[in-house]
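A.B. asks: Please see the structure below; I have some questions.
There are 2 protein chains.
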Amino acid sequence: MHDNNMSDDVSISGQLKQRRLNLGLSLADVARRAGTSAATLSRYENGWTRFETYTLRKLALALHCELDIKLKPKKARSMSNRDQQNAVKQLARLFWDHPLTAEDLETYPIWVVERVLEFGSLSDIAFLRERMGQQAFLTAVATAQRLSPKTANFWQNILQLEGIICTKKYSRNTAWNS
Amino acid sequence: MHDNNMSDDVSISGQLKQRRLNLGLSLADVARRAGTSAATLSRYENGWTRFETYTLRKLALALHCELDIKLKPKKARSMSNRDQQNAVKQLARLFWDHPLTAEDLETYPIWVVERVLEFGSLSDIAFLRERMGQQAFLTAVATAQRLSPKTANFWQNILQLEGIICTKKYSRNTAWNS
DNA sequence: GCTGGCATTATCATGCATGATAATAATATG
DNA sequence: CATATTATTATCATGCATGATAATGCCAGC
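Chains as they are written, first to last, in numbering that gives the first Met the number 0: chain A, 0 to 177; chain B, 0 to 177.
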C-alpha cells in the first residue's frame with residue numbers, strides 16, 4: 000500500500016490492472032459495471048495493444064477513474080532552453096512581421112524552417128539545423144509547404160539524397176515567394 | 000499563433016486538428032505519414048468518438064507527438080484536504096495494523112470502508128459517509144468484499160433499497176471476519 | 001480429496017472501425 | 001471561367017475488436 004504512483008510511463012494494461020486490484024475488484028466485477036466482458040478486460044490487462052477508447056472509457060468509469068488522452072508535441076531533443084534563446088536571438092531579424100518566440104521553435108517548426116530556408120543565409124541554415132538536430136530539421140523541411148519553387152526544388156533534391164519522403168507536392172504562391 | 004494550449008480538457012478530435020493545422024499539414028499528408036487514410040483522419044477530427052489507440056499512436060507519430068493515456072482516479076468531490084485530515088484523525092484507531100493516510104481515502108476507499116463498516120461505531124459510519132459523500136460511500140460499500148456475513152447481509156439490504164447493484168456475491172473469510 | 005471463485009486463453013459469430021473510392025463543395029490562383 | 005488542392009461525407013468490402021462461451025489451471029477453504 001501507499002505506493003507512489005507518480006511514474007509517467009505506465010502502460011494502459013498496467014494502469015487498468017493496478018487500479019482494479021487497488022479497489023479489490025475481480026475481472027467480472029469490473030466488466031459487469033463497465034458493460035463489457037471479462038474476456039476483453041483480461042485481454043486489456045495482458046499484452047493487448049489495440050484498445051478502443053470507447054471501451055477504455057467504460058472501464059475507466061467502472062474503476063472510478065477519468066480517462067485522460069493527450070497529444071504532447073515532442074520536443075526537439077537537442078534544443079535546450081539555452082539553445083532556444085540563442086536561436087531566437089540569431090534568427091529574430093527574419094521574422095519582421097511576427098516576432099519569433101522560443102515556443103515557436105517547437106510548436107511551429109515548419110514556420111520557422113520555411114522562413115530560414117527562404118530568407119536566411121547559409122550560416123543561418125547551418126545554425127538552425129545544428130540547434131534543432133539533423134532529423135528534426137530535415138523532417139520540417141520535408142513538410143514545408145510555402146517555399147518558392149526554386150528553394151523547394153533545391154531541398155527536394157537534398158531530401159531525396161537523405162532518403163526522406165517529401166510530403167510537399169507543389170508549392171503555392173504566398174505573399175513572399177512570388 | 001502563440002496560443003497557450005494549457006487547457007486540460009481538450010477532445011481528441013480538437014487536439015488532432017489543432018496540431019495538424021499548427022504544422023501546416025493537410026489531411027492527406029498526415030494520413031500518408033501515419034499509414035492510415037485521410038477518410039479516417041477526417042472522421043477522427045469531426046465528431047468521432049470510438050478511436051483505436053493503435054491508429055491514434057500512428058497519427059501521433061505523424062504529428063511528432065507523444066500519445067499519453069492515463070487513468071486518473073476520481074477524487075471524492077466532497078473530500079477537501081481539511082475533511083481528509085479530520086477523517087484520518089477520527090478513524091485512525093480502526094487501522095491498528097497499518098496506519099491510515101489521507102491518500103488511502105481516495106486510493107483505497109474500499110479498504111477504508113470495509114474497516115469502518117466492520118469495526119466502527121454508528122457515528123463512525125455516519126461520519127465517513129458524510130465525508131465521502133453518499134454516492135461514493137455506497138459505491139464503496141457495494142464493492143466491499145471482505146465483510147463478515149452479518150455485516151454484508153445488512154448492507155446488502157440497505158443497498159437494495161437504494162437501488163444499487165451489489166457486486167459482492169459471497170464473502171470470503173479473512174483474518175478478522177471469522 | 002472436493003468445491004467455488006478467479007484469471008487466462010481459445011474459439012467462434014458479430015458488430016464496428018478502417019481503407020478505398022468517389023462525389024461534393026469550398027477556396028485560391030491564373 | 002478553368003484548374004488544383006483540400007476537406008467532408010457517403011458507400012462498400014474487409015479486417016479486427018468485442019462478446020459469449022467453454023476449457024484449463026490456480027488457489028483457498030472445507
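Glycine is no exception: its CB is placed at the ideal position from the N, C-alpha and C atoms.
It should be emphasised that the depicted structure is a prediction, and the values quoted were computed from it without experimental measurement.
1) By DSSP, does B/P72 sit in helix, in strand, or in coil?
2) Got a sec? Which residues, its chain only, sit under 7 Å from A/C64 by beta carbon, not counting five neighbours each side?
3) Can you tell which of B/L62, B/F126 and B/L93 has the C-alpha that lies nearest to the C-alpha of A/Y107?
4) Residues of the region 52-69 of chain A in Cβ contact with chain B at a cutoff of 8 Å, in chain order, please.
5) Taking only the alpha-carbon atoms, compute the straight-line gap between A/E102 and A/L15 and give it to the nearest angstrom.
6) Out of B/E105, B/G119, B/L116 and B/E117, state which residue places its alpha-carbon closest to the alpha-carbon of B/M131.
7) Could you confirm whether any beta carbon from chain B is found closer than 8 Å to the beta carbon of A/I109?
8) Counting pairs of beta carbons, one from the region 23-41 of chain B and one from the region 24-38 of chain A, are three or more of them closer than 8 Å?
9) 8 Å is my cut-off, CB to CB: does B/I11 come that close to chain A?
10) Which stretch, first to last residue, makes up the alpha helix (DSSP H) that contains B/G46?
11) Which bits of chain A does B/R18 rub up against, with CB to CB less than 8 Å?
12) Measure from the C-beta of B/F94 to each C-beta in chain A and report whether the shortest distance is under 8 Å.
13) Just confirm the distance between the C-beta atoms of A/I11 and B/I68, as a whole number of angstroms; I'd bet it's less than 8 Å.
14) With distances taken from CA atoms, which of A/K88, A/R56, A/A135 and A/V9 is nearest A/G46?
15) In whole angstroms, give me the CA-to-CA distance for A/E129 and A/L116.
16) Does any residue of chain A have a CB that is nearer than 8 Å to the CB of B/F118?
17) Taking only the alpha-carbon atoms, compute the straight-line gap between A/G23 and B/E51 and give it to the nearest angstrom.
18) For A/L15, would you say it is in contact with chain B, using Cβ-to-Cβ distances shorter than 8 Å as the test?
19) Are the CB atoms of B/V112 and B/L99 nearer to each other than 8 Å?
20) Give me, in chain order, the residues of the same chain whose beta-carbon lies closer than 8 Å to that of B/A91; leave out the 5 immediate sequence neighbours on both sides.
21) If you draw a straight line from the alpha carbon of A/L55 to that of A/R49, how long is it in whole angstroms?
22) Quick check on DSSP: helix, strand or coil for B/L58?
23) How about B/R128: is its C-beta nearer than 8 Å to some C-beta of chain A?
24) From B/T166 to B/Y43, what does the alpha carbon distance come to, in whole angstroms?
25) Say whether chain B places a C-beta atom closer than 8 Å to the C-beta of A/T39.
26) With DSSP collapsed to three states, give me the class of A/E129.
27) Measuring alpha carbon to alpha carbon, tell me which residue in B/P72, B/N80 and B/S120 is nearest B/L93.
28) Ignore the nearest five residues each way along the sequence and tell me which others in A/L26's own chain have a CB closer than 7 Å to its CB.
29) Does any residue of chain B bring its CB to less than 8 Å from the CB of A/T106?
30) Near A/Q57, what residues of its chain come up, given a Cβ to Cβ distance below 8 Å and the 5 sequence neighbours on each side ignored?
31) Can you say whether A/G114 is buried or exposed, counting buried as having 16 or more other CB atoms within 10 angstroms of its CB?
32) Which residue from B/W110, B/F118, B/L127 and B/L60 puts its Cα closest to that of B/S79?
33) For a quick check, are the C-beta atoms of B/L70 and A/A59 less than 8 Å apart?
34) Say whether chain A places a C-beta atom closer than 8 Å to the C-beta of B/F50.
C.D. replies: Reading from the atomic positions:
1) Looking at B/P72 - three-state DSSP - the assignment turns out to be strand.
2) So the qualifying residues of the chain are R18.
3) The shortest C-alpha separation from A/Y107 is found at B/L62.
4) Correct list: T52, Y53, L55, A59, L62, H63, C64, E65, L66, D67, I68 and K69.
5) Distance between the alpha carbons of A/E102 and A/L15 is about 35 Å.
6) Distance from the Cα of B/M131 is smallest, within the candidate group B/E105, B/G119, B/L116 and B/E117, for B/E105.
7) The beta carbon of A/I109 falls within 8 Å of a beta carbon belonging to chain B, placing the residue at that interface.
8) The region 23-41 of chain B is not in contact with the region 24-38 of chain A.
9) It does; some Cβ of chain A falls within 8 Å.
10) According to the DSSP assignment, B/G46 belongs to no alpha helix (DSSP H), since it is labelled neither H nor E.
11) Neighbours of B/R18 across chain A, judged by C-beta separation under 8 Å: L70 and P72.
12) B/F94 does not count as touching chain A.
13) That pair is a contact at about 6 Å.
14) Shortest Cα-Cα distance from A/G46 to any of A/K88, A/R56, A/A135 and A/V9 involves A/V9.
15) Approximately 14 Å, taken between the alpha carbons.
16) Taking Cβ atoms only, chain A never reaches closer than 8 Å to B/F118, which makes this a no.
17) Using only the alpha carbons, I get a separation of about 28 Å.
18) So yes, A/L15 belongs to the interface.
19) No, Cβ-Cβ distance for B/V112 and B/L99 is not below 8 Å.
20) These residues qualify, in order along the chain: P98 and L99.
21) Distance between the alpha carbons of A/L55 and A/R49: 11 Å.
22) Three-state result, B/L58: helix.
23) Under the 8 Å criterion on CB atoms, B/R128 is classed as non-interfacial with respect to chain A.
24) Because B/T166 sits at a pLDDT of 47, beneath the cut-off of 50, its placement in the model cannot be relied upon, and the point is left open.
25) No - not a single Cβ of chain B is within 8 Å of the one on A/T39.
26) A/E129: helix per DSSP, three-state reduction.
27) The shortest Cα separation from B/L93 among B/P72, B/N80 and B/S120 belongs to B/S120.
28) Cβ neighbours of A/L26 beyond the five flanking positions: A37, L40 and S41.
29) Interface residue, yes.
30) Looking at the sequence provided, one finds Lys at residue 57 of chain A rather than Gln. Non-local C-beta neighbours of A/K57 in its own chain, meaning closer than 8 Å and more than five positions away in sequence, comprise A33, G34 and T35, ordered along the chain.
31) As written in the sequence, residue 114 of chain A is Arg, which differs from the Gly given in the question. Buried: at least 16 other Cβ atoms inside 10 Å.
32) Closest option to B/S79, Cα to Cα, is B/L127.
33) Yes.
34) Yes, its Cβ sits closer than 8 Å to a Cβ of chain A.
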